[in-house]
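**Q**
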Amino acid sequence: MPYQVLYRAWRPNSWRQVVGQKSVVRILENALLENKVSHAYLFSGPRGTGKTTVARLLAKAVNCKNRQGAEPCNSCDSCSAIQNGTSVDVVEIDAASNRGIDEIRGITESTRYLPVTGAYKVYIVDEVHMLTQEAFNALLKTLEEPPAHVIFILATTAPHRIPVTITSRCQRMDFHKLSVGEICERLGEIASSEGIDIEPEARDALARAAEGSLRDAISLLDLCSAYGRGKVTRHDVEDVLGTSPLEFMEKLVRSLAAGDARETLRALREMSDAGKDFFQLAQEVGNFAKDLILLKSGGDLSELTRPSDESRRMRELASTISRNFLFALMDAAARAVSEMRGASDPKLVLELTLLGLARPSQQTEVEMFRGDPGFKGAPLDKSDKPYTSQEQRVEDPGSTALVGFSGVEVRGESPEPSQEDRTDKGPVTVQPVNVSLAGPEEILNRVKSVWDDLLNVLQKRRLVKARAYLLPGKPVGLRDGNVVVLKFPATYTTHLEQVMVPGTRKSIETELSKLAGLELRIVAVPDEPEASGSGGSDESVAKPNEEDNPLVLRASELLETAARKKSGPPGTHVDSRPARRDTGKRTG
Ligand SMILES: [Zn+2]
């Protein structure tokens, strides 16, 4: 018997065997049991998630002569013919290579003839979004009045490219990417049945690499098993996939964090010499940074699908690098990925983007707050430095110290920092606060009423990034008389962080102030219970470990200002602010 590739051999023959896609399976099973199968379906979802597999199962089930409930028997004439691809009643078309009107007209004309062996003629059109407009029109005529013995199953990875006239006549089923856990489980079953000896870590690596596509995962298992002659180790998987070994990632991240451009370039050159695909590498760098952030946030090692010894080493690495740097690295990797599309030299794009991170800055984060009238000192880690520091940062969560500044520098007529230029951390222009006449609710309402205008103005002024980062945020309250509190959904951490980057924040504040006719400032907070609402104890002000986060720094700064207003002698700038305070929360 000739060798059959694994993913064909392991294609599900019953609804029970379908991995994931529970809601799709349940809907189709119910339709079969109640004899309410639709005449047109649209199966949409990423590649390798089971669309054509489920389509064939449905074709088998509707035509099976001995169906048990919703399950096809897999042994009658009809089932066997569909299984072998010889059924005349089930027609599969790849629209990517048959996209013209003639092919579709041929199909629609054949719908007039009755099925030969089964009850239905089933047409499975894969990648249906590839059809031409004329072909869609021809298909539409049949979909408008489908013969009773015909079922169309249109499958696509790009549902938005299908005319709404077509989609509105189909019952739509959304297929989702499979989880790493689901893929791992299936790979384990297949490996043990096929007598493939696979290390758990190798299985995890394959499941991750497949990115939600079970078909890819099984094909990779096939490939690795052939490579290792029936035994699959993590090393084999790395050889086959070209996965960056942990050592390389460690070296790259350490050299970037240390601002060492030479080491960074050397690490990248090593990968280039090894024939590494730079597009894939950029994605891996982004994933690596994300995993380090997860570990740094106290995430569980089991949440990472990396091998356990790898996770331990990553936790050690994460403890030596600031969260700010990791967010910047993740952002840079994402930018590199998007800029690489269509670039003639992807390696150069990645090098330039990453070297932008390694560039040392002139000023520290502490210095950039000097131009801020509200800043009277914030709790700072003694080792607190921006991620661009030449030295590698070692965090000591236990040590905190209050650093104060006697000279608050306010300089007029300095150029407005552009959001494009994040290295500009010079003093900012501050105009007199003139909000004392309006109440907090009135101010907040005014902010809300100009919010859409603000987004438009940012767009017009080409502050596209500032606008994009601001989009998920909503003004929800007012603090200290003129600080607008913006809430961001918990999943938009990066947006929130980017809005608080001084240049971006200042651009937004300037435009917002102009529109509202008031001197306003902003603070971004995640949409969850605020630390400041818990009574304002010192512990809630400064959480060790988070001091490198600009958001926390800013929040601490605001609370410091508020505390000084209550107890200490008021300074010039503090005095010029209204005493009214609204945390955005109503207590009663
Ligand atoms: Zn059957």
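Going by this note's numbering, the first residue of the sequence shown is number 2, and it counts up by one from there. Backbone N, C-alpha and C define an ideal beta-carbon position, used for all residues, glycine too.
1. Kindly examine ligand 1 and report whether one of its heavy atoms sits closer than 7 Å to the Cβ of CYS225.
2. Rounded to whole angstroms, what is the Cα-Cα separation between ILE444 and GLN281?
3. When you measure from the CB of PRO73 to every non-hydrogen atom of ligand 1, does any distance come out below 7 Å?
4. Please confirm whether ALA139 and ILE105 have their CB atoms less than 8 Å apart.
5. Would you give the residue range spanned by the beta strand (DSSP E) that THR157 belongs to?
6. Name the two residues that bound the continuous beta strand (DSSP E) containing ILE94.
7. From the DSSP output, which residues share a beta bridge with GLU1?
8. Do ILE184 and ALA218 have their C-beta atoms within less than 8 Å of each other?
9. Using only CA atoms, which one of PHE176, GLY229, VAL286 lies nearest to VAL26?
10. Distance check for TYR228 and ILE154, CA to CA, integer angstroms please.
11. Between LEU464 and LEU521, what straight-line distance do the alpha-carbon atoms span, to the nearest angstrom?
12. For ligand 1, any of its heavy atoms closer than 7 Å to the Cβ of SER15?
13. So, under 8 Å CB-CB, VAL1 and GLU200 are touching, yes? Tell me the CB distance rounded to an integer number of Å.
14. Tell me the rounded alpha-carbon separation between GLU352 and LEU472.
15. Less than 7 Å separating the Cβ of SER76 from some heavy atom of ligand 1?
16. Could you check what DSSP says for TYR42 in three-state terms: helix, strand or coil?
17. Within 10 Å of its beta-carbon, does ASP382 have 16 or more other beta-carbons around it, so buried, or fewer, so exposed?
18. Closer than 8 Å is the cut-off here; do at least three beta carbon pairs connect the stretch 80 to 92 with the stretch 38 to 54?
19. How many angstroms separate the CA atom of LYS566 from the CA atom of VAL486?
20. Measure the alpha-carbon distance for SER220 versus LEU269 and round it to whole angstroms.
21. On the three-pair Cβ rule with 8 Å, is the stretch 451 to 461 touching the stretch 481 to 500?
22. Would THR168 pass as a contact of LEU59 if the rule is Cβ separation under 8 Å?
23. Expressed to the nearest angstrom, what Euclidean distance is found between the alpha-carbon atoms of HIS161 and GLN172?
24. Under the three-state reduction of DSSP, which class applies to PHE489: helix, strand or coil?
25. Within 7 Å: the Cβ of SER339 and any heavy atom of ligand 1?
26. Roughly how many angstroms lie between the CA atoms of PHE137 and ALA211, to the nearest whole one?
27. For the alpha helix (DSSP H) holding ALA525, just list the boundary residues, first then last.
**A** Judging by the given coordinates:
1. no
2. 48 Å
3. yes
4. yes
5. 151 to 157
6. 91 to 95
7. The structure shown does not extend to residue 1, since the chain spans only 2 to 589, so no value can be given for it.
8. yes
9. PHE176
10. 37 Å
11. 18 Å
12. no
13. Since the first residue of the chain shown is 2 and the last is 589, residue 1 is not available in this structure.
14. 30 Å
15. yes
16. strand
17. At ASP382, the pLDDT of 36 sits below 50, so the modelled position is not reliable; the number obtained from the coordinates is stated separately. Classification for ASP382: buried.
18. no
19. With a pLDDT of 42 at LYS566, under the threshold of 50, the modelled position of this residue cannot be trusted, and the question is left open.
20. 29 Å
21. no
22. no
23. 15 Å
24. strand
25. no
26. 32 Å
27. It is not in any alpha helix (DSSP H) - ALA525 instead sits in the beta strand (DSSP E) that spans 522 to 527.
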